[in-house]
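Participant: I am attaching a structure below and will ask some questions about it afterwards.
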Amino acid sequence: MKKIILPLSLALLCSAAAWAQPQTRIKLLPDEERYFTVGLLGGFYFLQDQVFQELYGKSAPFFGAEMTLRFPIREPHGMDIAAGGRTLTKKGLTSYTEEDLSLRLTNLSLSLRYSYDTGRFALFLGPGIEYVTYKETYAETFPIDSTNGSQTGLHLTAGGYVHVTSGLSLKGYFKYCRIETDKPGFRINLGGTEWGLGILYRFYF
Amino acid sequence: MIQRSNLRFSQSRSSLFLLGLIGTAVFSFGQIHFTEVSAQFDVRGYSYFGGHGISWVDVNRDGRVDIFVKNQAADGLPAVPDILYINYGSYFVDEAGTRGAADAYAYGTHGAVFVDLDRDRDFDLFVSTTYGGISPAYNHLYRNNGNAFFEDITSSIVPAQTTDLSTRGVAAADFDKDGDIDLYFSNPLPDPDPFNPLPSPPQSLPNFYINNGDGTFTPEYRGIDWTGFTQGVTTGDYDGDGDIDIAQAMWGPPSTVYRNNGTGHFRNVGGPIGISVSNGEFDNGIVWADVDNDGDLDLAIVGTGRIALYRNTANHYSRYQVIRWTRPIGGFHVSFGDFDNDTDLDLYLSGENVYENDGQGNFTVVPETESGLEDSLTMEDPRGAALADFDGDGDLDIYATDKRGYNRLFRNDLDNSDWIEAEILSDTRGHIGSIGAKVDLYVAGHVGVPTYLKGHREMTGEYGYLGQDSPIAHFGARAAGGAEYDLRVTFPDGTQRVYGGLTPGQKVQVASISPPLNLRGEKIENKALFYRETLLELTWEPNPLNDDVQNYRLYELNQGQNLLAELPANQFSYTLRNMDKTIVYRFAVTAVDSQGLESEAATTIVNGEAPVERSQRRGLNRTLKGRL
Chain P
38 MKKIILPLSL
48 ALLCSAAAWA
58 QPQTRIKLLP
68 DEERYFTVGL
78 LGGFYFLQDQ
88 VFQELYGKSA
98 PFFGAEMTLR
108 FPIREPHGMD
118 IAAGGRTLTK
128 KGLTSYTEED
138 LSLRLTNLSL
148 SLRYSYDTGR
158 FALFLGPGIE
168 YVTYKETYAE
178 TFPIDSTNGS
188 QTGLHLTAGG
198 YVHVTSGLSL
208 KGYFKYCRIE
218 TDKPGFRINL
228 GGTEWGLGIL
238 YRFYF
Chain V
11 MIQRSNLRFS
21 QSRSSLFLLG
31 LIGTAVFSFG
41 QIHFTEVSAQ
51 FDVRGYSYFG
61 GHGISWVDVN
71 RDGRVDIFVK
81 NQAADGLPAV
91 PDILYINYGS
101 YFVDEAGTRG
111 AADAYAYGTH
121 GAVFVDLDRD
131 RDFDLFVSTT
141 YGGISPAYNH
151 LYRNNGNAFF
161 EDITSSIVPA
171 QTTDLSTRGV
181 AAADFDKDGD
191 IDLYFSNPLP
201 DPDPFNPLPS
211 PPQSLPNFYI
221 NNGDGTFTPE
231 YRGIDWTGFT
241 QGVTTGDYDG
251 DGDIDIAQAM
261 WGPPSTVYRN
271 NGTGHFRNVG
281 GPIGISVSNG
291 EFDNGIVWAD
301 VDNDGDLDLA
311 IVGTGRIALY
321 RNTANHYSRY
331 QVIRWTRPIG
341 GFHVSFGDFD
351 NDTDLDLYLS
361 GENVYENDGQ
371 GNFTVVPETE
381 SGLEDSLTME
391 DPRGAALADF
401 DGDGDLDIYA
411 TDKRGYNRLF
421 RNDLDNSDWI
431 EAEILSDTRG
441 HIGSIGAKVD
451 LYVAGHVGVP
461 TYLKGHREMT
471 GEYGYLGQDS
481 PIAHFGARAA
491 GGAEYDLRVT
501 FPDGTQRVYG
511 GLTPGQKVQV
521 ASISPPLNLR
531 GEKIENKALF
541 YRETLLELTW
551 EPNPLNDDVQ
561 NYRLYELNQG
571 QNLLAELPAN
581 QFSYTLRNMD
591 KTIVYRFAVT
601 AVDSQGLESE
611 AATTIVNGEA
621 PVERSQRRGL
631 NRTLKGRL
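Here is the structure:
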């Protein structure tokens with residue numbers, strides 16, 4: 038819980054600072070944006086786990102989706118609540134016998150982010166929680182067919198939007214995840230860095 | 011006239027045909043008969059002097075047994091080379107000079123033995139030199155390079171010899187049971203008085219070359235005093251205690267037996283065990299053989315115009331027959347072999363005749379008119395002889411040397427399939443020939459049952475008077491009625507191999523199958539991201555002593571002996587999946603030859619420590635190195 042308080046406090050502090058310093062809006066977007074976005078994401082996930090890197094390589098491509106609800110505080114400052122998910126699958130080989138492996142990781146994330154939106158572009162930064170489900174499938178020579186399970190963790194994300202039109206934006210972001218599990222009897226670090234791009238459509242309300 | 015001539019020719023041809031049929035029938039049914047063929051094969055040696063002993067041995071490993079003739083020099087010709095007749099099937103050629111085995115030192119050779127000194131599965135050569143007033147007279151060791159080319163390695167493996175020797179008989183065996191071949195030689199002094207009828211004051215002289223195990227030898231005294239002039243020497247395990255004893259024929263002191271205490275130290279036990287030849291006799295040859303098929307070594311001592319035969323009963327000897335002859339020869343050598351393939355050992359007295367065994371060890375002379383050995387009786391001064399199946403027809407032939415005439419080769423004319431031969435290609439220590447090994451033939455299904463024993467042989471080097479048989483055990487074994495036999499080989503270290511269900515008419519090639527080397531086990535972690543499998547990888551190396559490995563058998567020993575896998579001969583590792591990393595495992599691997607014989611097991615213990623991490627993925631080895 039402590040892990041979530043620090044980044045959340047940081048985000049709120051940024052929001053407060055923004056409230057105190059009003060800015061002139063660029064007119065691409067309405068003066069006060071309270072909007073809802075949906076979008077698609079894609080990118081690469083770089084897991085930190087050394088065993089993962091040994092077996093599957095250093096990164097895995099993913100695709101996902103995201104929706105964001107923005108609440109302006111004092112423009113251009115605001116708060117985003119974002120929920121999203123992504124999934125990745127990767128083929129690998131066992132460390133010694135070099136037999137086939139297959140891994141699928143599916144994440145659901147919920148973030149609370151400070152948003153600085155100029156109307157032309159926007160920046161965001163904030164923490165969140167991750168929920169990951171995993172399934173690893175093995176070759177027939179293994180005594181078990183597969184392992185699956187789930188685990189929760191935290192993340193910190195930052196990125197920006199470029200508003201292409203009043204409804205369409207492009208997104209680039211970075212997310213650092215910290216997720217560990219020792220359910221198999223040994224520790225696995227499912228965390229890492231996620232680098233992605235997205236395209237979003239905005240609905241005003 | 012023409013018609014009569016044709017008729018006569020026709021009758022003559024018919025008669026010859028009938029005679030041939032009768033002859034073939036007679037020899038097929040096992041009558042002893044030899045034909046002298048030394049001229050045909052050109053193996054007469056020096057025609058008027060020299061021949062003292064003979065070794066039958068396949069020096070070049072071509073499957074044909076060759077002849078090494080040990081020649082003593084003659085007056086005026088002090089440096090007479092020995093002869094190495096290479097067997098080319100239909101003829102022999104003396105190649106001693108070109109192959110480095112001539113050993114042409116003054117005053118010639120008496121004892122010599124072929125033995126695998128360096129465990130490379132060929133026959134090396136230990137040769138004595140006879141002191142005849144010309145120094146030096148040292149023993150020589152020759153290493154066979156595998157193709158029957160010999161290199162004199164004496165100076166590199168034996169400390170410098172400083173005393174001239176009057177060696178007669180020599181012996182080779184693993185006397186100290188440390189796994190390598192040691193050497194013994196008689197008369198380790200320059201000028202013994204051969205005609206001293208009484209025992210000389212004992213002299214404790216170094217008359218052994220003890221193999222140090224690293225290819226070098228150390229001269230040592232091991233309890234056999236020199237007490238008088240010694241002629242033939244032989245080896246065998248007369249008391250069945252698993253070590254090699256020595257017997258020697260002597261002039262003056264009684265011929266005797268030296269019992270090995272198990273460590274290669276000897277004690278004279280001739281008197282206590284019943285060898286009752288008295289002082290003052292001149293014995294030339296001594297032989298151990300199981301003449302009564304009871305599984306132990308009986309004894310024959312030849313010299314002074316007689317053969318004294320001793321029966322072994324519970325390691326005690328009693329003289330039960332004395333054979334005398336009419337020819338004016340002292341008698342130097344006897345060989346025992348089953349000449350008629352009737353399962354008992356017959357006797358050949360060099361330069362005289364053959365004696366048939368009645369099955370109980372009692373011998374009766376076979377007249378030369380029956381045996382075809384008329385030419386044996388014309389030998390001028392017969393010396394050593396030896397037996398071999400030189401033509402590969404399943405019967406034993408004889409080569410006999412003559413000191414003052416040409417040597418004889420008597421081909422056995424037997425023509426049947428009532429035989430089994432056993433050739434030891436390698437024993438458990440890697441020696442070809444395996445001196446000291448015991449080979450027993452039983453009726454099939456009755457191995458170890460004395461009443462079913464059909465022959466007991468012990469592999470030896472020189473015996474009698476300077477003779478060395480081909481190191482192939484020959485047994486008579488009747489084929490009638492579809493008889494089958496089991497052959498049991500007991501190697502010098504006590505390891506046994508049984509070859510079962512043998513039908514007569516075949517040669518069994520015995521190769522001890524040795525366990526694989528360096529069996530190791532290692533637990534290895536085979537990783538998936540969410541699963542850690544513990545593998546157990548076993549690795550081993552082929553044993554260079556094995557020529558014939560058909561496959562390997564892998565056993566798990568934690569709960570009894572469970573066969574896990576049977577693997578091909580070219581596989582030297584095996585991986586067990588999904589093992590428990592906390593359990594201590596025990597495994598064994600054996601080698602199996604083409605006969606189905608299984609070696610002793612190589613074993614290993616794999617402890618319960620954490621498995622090691624290892625990656626076979628090339629690109630990752632470097633990056634993982636720091637973590638592994």
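Read top to bottom, the protein sequences are chains P and V. Using my numbering, the first residue of the first sequence is number 38, and each one after it goes up by one. Using my numbering, the first residue of the second sequence is number 11, and each one after it goes up by one. From the three backbone atoms N, C-alpha and C, an ideal C-beta is built for every residue, glycine too.
Taking any Cβ of chain V, which residues in the segment 126–149 of chain P have a Cβ under 9 Å from it, in chain order?
Facilitator: For the segment 126–149 of chain P, which is checked against every Cβ of chain V, the residues closer than 9 Å are GLY129, LEU130, THR131, SER132, TYR133, THR134, GLU135, GLU136, LEU138, LEU140.
Participant: What residues from the segment 175–204 of chain P come within 9 Å of chain V, judged by C-beta to C-beta, listed N to C?
Facilitator: Those would be TYR175, THR178, PHE179, PRO180, ILE181, SER183, THR184, ASN185, GLY186, in chain order.
Participant: Evaluate contact between the segment 600–607 of chain V and the segment 546–563 of chain V, counting only Cβ atoms and requiring at least three cross-stretch pairs below 8 Å.
Facilitator: Because the criterion of three Cβ pairs below 8 Å is met, the segment 600–607 of chain V and the segment 546–563 of chain V touch.
Participant: Starting from the C-beta of ASP401/V, find all residues in its chain whose C-beta is less than 8 Å away, skip the five residues before and the five after it, and write them out in chain order.
Facilitator: Result list for ASP401/V: ASP407, ARG421, in chain order.
Participant: Hey, VAL53/V and TYR95/V: beta-carbon distance below 7 Å or not?
Facilitator: In contact: VAL53/V and TYR95/V (Cβ atoms closer than 7 Å).
Participant: Could you work out which residues of chain V lie near PHE89/P, taking near to mean beta carbons separated by less than 9 Å?
Facilitator: Those are LEU539, listed as they occur along chain V.
Participant: For a minimum of 3 consecutive residues, which ranges assigned as the beta strand (DSSP E) are wholly contained in the segment 243–298 of chain V?
Facilitator: Runs of the beta strand (DSSP E) inside the segment 243–298 of chain V: 255–262, 266–270, 276–278.
Participant: Could you tell me which residues DSSP pairs with PRO525/V in its beta bridges?
Facilitator: Paired residues: none, contrary to the question.
Participant: The alpha helix (DSSP H) with GLY107/V in it runs from where to where?
Facilitator: Here the alpha helix (DSSP H) through GLY107/V covers 106–109.
Participant: Using only alpha-carbon positions, find the residue among TYR171/P, LEU92/P, GLN87/P, TYR133/P that is nearest to LEU125/P.
Facilitator: Comparing Cα-Cα distances from LEU125/P to each of TYR171/P, LEU92/P, GLN87/P, TYR133/P, the minimum goes to TYR171/P.
Participant: Evaluate LEU12/P with the Cβ neighbour count: other Cβ atoms within 10 Å of its Cβ, from every protein chain shown; 16 or more gives buried, anything less gives exposed.
Facilitator: Limits of chain P in this structure are 38 at one end and 242 at the other, which puts residue 12/P out of reach.
Participant: Determine, using beta-carbon pairs with one atom in the segment 330–339 of chain V and one in the segment 486–495 of chain V, whether at least three such pairs fall under 8 Å.
Facilitator: Verdict: no, contact absent.
Participant: Measure from the C-beta of GLU167/P to each C-beta in chain V and report whether the shortest distance is under 7 Å.
Facilitator: For GLU167/P, the answer is no, since every Cβ of chain V falls outside 7 Å of its Cβ.
Participant: Under 8 Å, CB to CB, which of the residues in the segment 84–113 of chain P have a partner in chain V?
Facilitator: Taking 8 Å as the Cβ-Cβ cut-off against chain V, the residues of the segment 84–113 of chain P that qualify are ASP86, GLN87, VAL88, PHE89, GLU91, LEU92, TYR93.
Participant: Should ARG109/V go down as buried or exposed, given a rule of 16 or more other Cβ atoms within 10 Å for buried?
Facilitator: Classification for ARG109/V: buried.
Participant: Just the chain P side, please: which residues come within less than 7 Å of ARG542/V by C-beta, in chain order?
Facilitator: Those are PHE223, listed as they occur along chain P.
Participant: I need the straight-line Cα distance from LEU130/P to SER139/P, nearest angstrom please.
Facilitator: In a straight line, the C-alpha of LEU130/P is about 8 Å away from that of SER139/P.
Participant: Rounded to whole angstroms, what is the Cα-Cα separation between ASP306/V and ASP192/V?
Facilitator: So the two alpha carbons sit approximately 23 Å from each other.
Participant: Three-state secondary structure (DSSP) at PRO460/V?
Facilitator: If DSSP states are grouped into helix, strand and coil, PRO460/V belongs with the helices.
Participant: Does any residue of chain V bring its CB to less than 7 Å from the CB of ALA173/P?
Facilitator: It should be pointed out that residue 173/P corresponds to Glu in this sequence rather than to Ala. Chain V, which has a Cβ nearer than 7 Å to the Cβ of GLU173/P, makes this yes.
Participant: Got a sec: which bits of the segment 565–595 of chain V sit with their beta carbon under 9 Å from any beta carbon on chain P, in order along the chain?
Facilitator: If the cut-off is 9 Å between Cβ atoms, the segment 565–595 of chain V has THR585, ARG587, ASN588 near chain P.
Participant: Can you pull the DSSP bridge partners for LEU135/V?
Facilitator: PHE124/V, TYR152/V, per the DSSP bridge assignment.
Participant: Would you identify the three-state DSSP class for GLN560/V, choosing helix, strand or coil?
Facilitator: Of the three classes helix, strand and coil, the one that applies to GLN560/V here is coil, per DSSP.
Participant: Compute the Euclidean distance between the alpha carbons of TRP66/V and SER480/V, then round it to the nearest angstrom.
Facilitator: Spanning the two alpha carbons is a distance of roughly 5 Å.
Participant: Beta carbon of SER206/P, beta carbon of TYR198/P: below 7 Å?
Facilitator: Taking 7 Å as the Cβ cut-off, SER206/P and TYR198/P qualify as a contacting pair.
Participant: Apart from the five residues on each side of it in sequence, which residues of its chain come closer than 6 Å, Cβ to Cβ, to GLN60/P?
Facilitator: Residue placement at GLN60/P is poorly supported in this model, since its pLDDT is 47, which falls under 50; the coordinates still yield a value, given next. Cβ neighbours of GLN60/P beyond the five flanking positions: PRO113.
Participant: Since ALA483/V contacts ARG467/V with CB under 8 Å, what's their CB separation in whole angstroms?
Facilitator: So it is a contact: roughly 4 Å between Cβ atoms.
Participant: Grouping DSSP H, G and I as helix and E and B as strand, with all else coil, what is GLU384/V?
Facilitator: Looking at GLU384/V - three-state DSSP - the assignment turns out to be helix.
Participant: For VAL457/V and ASP503/V, which I take to be in contact (beta-carbon distance under 8 Å), what is that distance rounded to the nearest angstrom?
Facilitator: In fact, because the Cβ distance is near 19 Å, the residues do not count as touching under 8 Å.
Participant: When you compare each of HIS150/V, SER145/V, VAL47/V to SER100/V by their alpha carbons, which one comes out closest?
Facilitator: The option with the nearest alpha carbon to SER100/V is VAL47/V.
Participant: Below 8 Å on the Cβ atoms is my guess for GLY255/P versus GLU231/P; work out the distance and round it to an integer in Å.
Facilitator: Because chain P here runs from 38 to 242, residue 255/P falls outside it and cannot be looked at.
Participant: So what's ILE225/P in DSSP terms, helix, strand or just coil?
Facilitator: Correct three-state label for ILE225/P: strand.
Participant: Tell me where the alpha helix (DSSP H) around TYR93/P begins and ends.
Facilitator: TYR93/P -> alpha helix (DSSP H) spans 87–93.
Participant: Let me check one thing: in DSSP terms, what residues is GLY118/V bridge-paired to?
Facilitator: DSSP, once it has assigned bridges, lists GLN82/V as partnering GLY118/V.
Participant: In this structure, does DSSP put ILE166/P in helix, strand or coil?
Facilitator: Strand at ILE166/P.
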